[in-house]
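Q: Would you mind keeping the following structure in view while I ask a few things?
In my numbering, the protein residues as written are 1 to 373.
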C-alpha cells in the first residue's frame with residue numbers, strides 16, 4: 001500500500017496532523033518526518049517490531065547505533081543520569097537544534113533500561129547512546145504527545161543520499177514507509193553534527209551543520225553575574241571574576257575564552273547599552289582592570305538558559321530569576337550566600353570600594369571551588 005502523504009504547509013488543522021502522526025507511531029508504523037536538517041524516518045522506541053522494520057528498511061549494519069529523539073534538553077538526564085557537565089551544557093545550548101550528542105550510557109536508572117531489550121540493543125549496542133532534539137515545531141509537538149522517545153534516523157537506505165524533500169523519501173523508500181509529512185525542502189539540507197561527549201572534552205564523530213569552532217564556544221563554562229541595572233555591581237563582579245579565573249588558569253585575560261570560560265553580566269531591570277558608573281570604573285582600575293567599555297544588557301531567557309552558574313547580588317535578584325525561570329533554580333545562587341551585596345549607586349566612592357571588596361571576598365571563595373571541564 002502506498003504511504004499517506006500529508007502536506008503540512010497547507011493542512012487546515014496542524015493539530016490533526018500531529019494526532020495522526022502520534023497515532024501512526026503508537027501503532028508501530030514507520031513515519032517520515034521533516035526536520036531542520038534532513039528528513040528522518042521515525043518509529044516509537046517502545047514498539048520493538050517497528051524498530052526491527054526500521055532496521056530492515058534502512059539496511060543498517062549490525063552494531064551501528066540508532067539515535068533517540070527526545071522531547072527537550074530537560075529530559076536528557078532521564079536517559080543519561082551521569083551526563084557530564086560539558087554534556088549538559090551542550091544539550092542545554094544546542095537543543096532543539098542540529099546536534100546529536102553521543103555519550104556513555106550505563107546508569108541503571110536510565111530510561112533506556114525501560115525500553116524493550118531489542119530496542120536497547122539497537123540504540124546502544126556498545127554502551128553509548130545518541131540523543132537529539134530536532135528543531136522543527138511539529139516534530140516537537142509529536143514528541144511531546146507521544147509516550148516514550150522516538151527512534152530517529154535519516155529517511156534513506158544506508159549509504160544513500162540524505163533526503164531533503166518528501167519526494168526524496170518517497171523515491172528512496174516507496175511503500176516501506178506508511179506516513180510522510182511533507183514540509184517542503186529541509187531548512188538546512190545537511191545532517192546534524194554528531195559529537196561524542198566525555199567527562200572533559202568532546203570529539204566530532206560526523207561533521208554537520210554546527211562547526212567544531214561553534215561547539216568549542218558552546219561547550220565553555222559560562223558564569224553570569226546579575227544585579228539590577230548592570231552598571232556597577234555585576235560589571236565589577238564580572239571583571240574581578242575574569243581576572244581571578246585567568247590567574248588560576250595561568251592565562252592572559254584575553255585568552256580566557258580559548259580556555260573554555262566565559263564570564264558575563266546582566267541586569268534584572270537593565271537598559272541596553274548604558275555606560276558603567278564612573279565610580280565602578282575607577283574602583284576596578286585600581287586592580288588594573290578595564291570597565292569603561294562595558295555596556296549594560298538586560299537579563300534574557302537565552303542568557304539564563306545558557307549560563308552554567310548565575311550569581312546574583314541579592315536574594316531578591318535570585319527570587320526574581322527563579323520566579324520567571326524555575327528551571328534555572330539549581331544554577332542560581334546569591335554570591336554572598338545569606339548576605340546581599342548592597343547597591344552603591346548614588347553613594348560616595350567609599351560605597352563602591354566596600355562593594356568591590358565584598359565581591360572580592362566572595363569570589364575568592366567561590367572561584368577556588370570551580371571545576372573547569
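Note that the Cβ used here is the ideal one computed from N, Cα and C, for glycine as well. Owing to the predicted nature of the structure, the values given are computational and were not obtained by experimental measurement.
#1: Apart from the five residues on each side of it in sequence, which residues of its chain come closer than 6 Å, Cβ to Cβ, to residue 374?
#2: Run through DSSP, which three-state label would residue 28 get?
#3: For the pair the segment 211-222 and the segment 34-42, tell me if three or more CB-CB distances fall below 8 Å.
#4: DSSP on residue 128, reduced to helix/strand/coil?
#5: For the alpha helix (DSSP H) that residue 56 lies in, which residues bound it at each end?
#6: Which stretch, first to last residue, makes up the alpha helix (DSSP H) that contains residue 361?
#7: Tell whether a beta-carbon distance below 9 Å holds between residue 308 and residue 96.
#8: Evaluate contact between the segment 134-143 and the segment 60-68, counting only Cβ atoms and requiring at least three cross-stretch pairs below 8 Å.
#9: With DSSP as the reference, label residue 292 as helix, strand or coil.
#10: Under a three-way DSSP split, which group does residue 217 fall into?
#11: Just to confirm before moving on: does the CB-CB distance between residue 359 and residue 217 stay below 9 Å?
#12: Could you check where the beta strand (DSSP E) with residue 104 kicks off and where it finishes?
#13: Going by the DSSP bridge assignment, what does residue 154 pair with across the sheet?
#14: Could you check whether residue 297 and residue 320 sit closer than 9 Å to each other, using their CB atoms as the reference points?
#15: Secondary structure at residue 78, three-state DSSP: helix, strand or coil?
#16: Between which two residues does the alpha helix (DSSP H) harbouring residue 87 extend?
#17: If you compare alpha carbons, which of 238, 45, 49, 24 is closest to residue 293?
#18: Enumerate, from N- to C-terminal direction, the unbroken alpha helix (DSSP H) stretches of 4 or more residues contained entirely within the segment 298-330.
#19: Please classify residue 135: is it buried, with 16 or more other beta-carbons within 10 angstroms of its beta-carbon, or exposed?
#20: Span of the beta strand (DSSP E) holding residue 200?
#21: May I ask you to verify whether the segment 24-34 touches the segment 180-187, counting CB pairs closer than 8 Å and requiring at least 3?
#22: Bridge partners for residue 227 per DSSP, in chain order?
#23: Who are residue 68's beta bridge partners in DSSP?
#24: From the DSSP output, which residues share a beta bridge with residue 7?
#25: Pick helix, strand or coil for residue 262, following the three-state DSSP scheme.
#26: Would you mind working out which of 302, 110, 227, 287 sits nearest residue 242, comparing C-alpha positions?
#27: With residue 165 as the anchor, note down where its beta strand (DSSP E) starts and where it stops.
A: Answer, in terms of the structure:
#1: It is not possible to answer for residue 374, since the shown part of the chain is limited to 1 through 373.
#2: In the three-state scheme derived from DSSP, where H, G and I count as helix and E and B as strand, residue 28 is classed as coil.
#3: Between the segment 211-222 and the segment 34-42, the count of Cβ pairs shorter than 8 Å is below three; the stretches do not touch.
#4: Residue state for residue 128 is assigned as strand, using DSSP reduced to three classes.
#5: Element bounds for residue 56: 48-58.
#6: According to the DSSP assignment, residue 361 belongs to the alpha helix (DSSP H) that extends over 349-367.
#7: No; because the gap between Cβ atoms is not below 9 Å, this pair is not in contact.
#8: The answer is no - the segment 60-68 does not touch the segment 134-143, with fewer than three Cβ pairs under 8 Å.
#9: In the three-state reduction of the DSSP assignment, residue 292 falls in the coil class, being assigned neither a helical nor a strand state.
#10: Reduced to three states, the DSSP call for residue 217 is helix.
#11: No; because the gap between Cβ atoms is not below 9 Å, this pair is not in contact.
#12: Run containing residue 104: 99-104, per the beta strand (DSSP E) assignment.
#13: The partner list for residue 154 (beta bridge, DSSP) reads 40.
#14: No, the Cβ-Cβ distance between residue 320 and residue 297 is not below 9 Å.
#15: Here DSSP, grouped into helix, strand and coil, assigns residue 78 to helix.
#16: It spans 85-94 - the alpha helix (DSSP H) in which residue 87 sits, taken as one unbroken run.
#17: Ranked by Cα distance from residue 293, the options 238, 45, 49, 24 are led by 238.
#18: Fully enclosed alpha helix (DSSP H) runs of no fewer than 4 residues occupy 301-306, 315-324 of the segment 298-330, in order along the chain.
#19: With a threshold of 16 other beta carbon atoms within 10 Å, residue 135 meets it and is buried.
#20: No beta strand (DSSP E) holds residue 200; DSSP gives it neither H nor E.
#21: Verdict: yes, contact present.
#22: Looking at the DSSP assignment, residue 227 forms a beta bridge with 267.
#23: Residue 68 is bridged to 131, 151.
#24: 182, per the DSSP bridge assignment.
#25: DSSP, read as helix, strand or coil, puts residue 262 in strand.
#26: Measuring from the Cα of residue 242, the nearest candidate turns out to be 287.
#27: It is not in any beta strand (DSSP E) - residue 165 carries neither H nor E in the DSSP assignment.
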